[in-house]
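With the working numbering as the guide, the letters of the sequence shown map in order to residues 82 to 165. Virtual Cβ for every residue (Gly too), placed ideally from N, Cα, C. All values derive from a computational prediction rather than experimental measurement. Report on the structure given below.
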Amino acid sequence: MAKGTVRYWAAAKAAAGVAEEPYDAGTLAEALDGARARHPGELVRVLRRCSFLIDGDPVGTRGHETVPLAEGGTVEVLPPFAGG
82 MAKGTVRYWA AAKAAAGVAE EPYDAGTLAE ALDGARARHP GELVRVLRRC SFLIDGDPVG
142 TRGHETVPLA EGGTVEVLPP FAGG
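As structure tokens, then:
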């Protein structure tokens, strides 16, 4: 298991009620399961629409269970943004 930081942006931040929190997980799927357990309700719904960056690299369509997390890494949780 690796320890790092999950950073929430925009609607994800509002739903979680925090801007960031630690993770203790081996994969993105495990980190997101932890977030869902800590913040049931709106965050669970918001996460379905989010994209993710792992240490600055987009996850894209990769299965979250296949995305490893590094010690001291950062998971960025990015809900869809409006704008132009």
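Residue i to residue j, Cα distance in whole Å?
| i | j | result |
| --- | --- | --- |
| Arg117 | Leu109 | 12 Å |
| Leu124 | Glu102 | 14 Å |
| Lys94 | Cys131 | 12 Å |
| Glu152 | Arg88 | 15 Å |
Does DSSP classify residue i as helix, strand or coil?
| i | result |
| --- | --- |
| Leu109 | helix |
| Arg119 | helix |
| Val99 | coil |
Per DSSP, which one or two residues make a beta bridge with residue i?
| i | result |
| --- | --- |
| Gly85 | Tyr104 |
| Leu159 | Ser132 |
| Asp138 | Ile135 |
| Cys149 | The question names Cys, yet the displayed sequence has Pro at residue 149. The partner list for Pro149 (beta bridge, DSSP) reads Thr108. |
What first and last residue would you give for the alpha helix (DSSP H) that runs through residue i?
| i | result |
| --- | --- |
| Leu134 | From DSSP, Leu134 is part of no alpha helix (DSSP H) but of the beta strand (DSSP E) over Ser132 to Ile135. |
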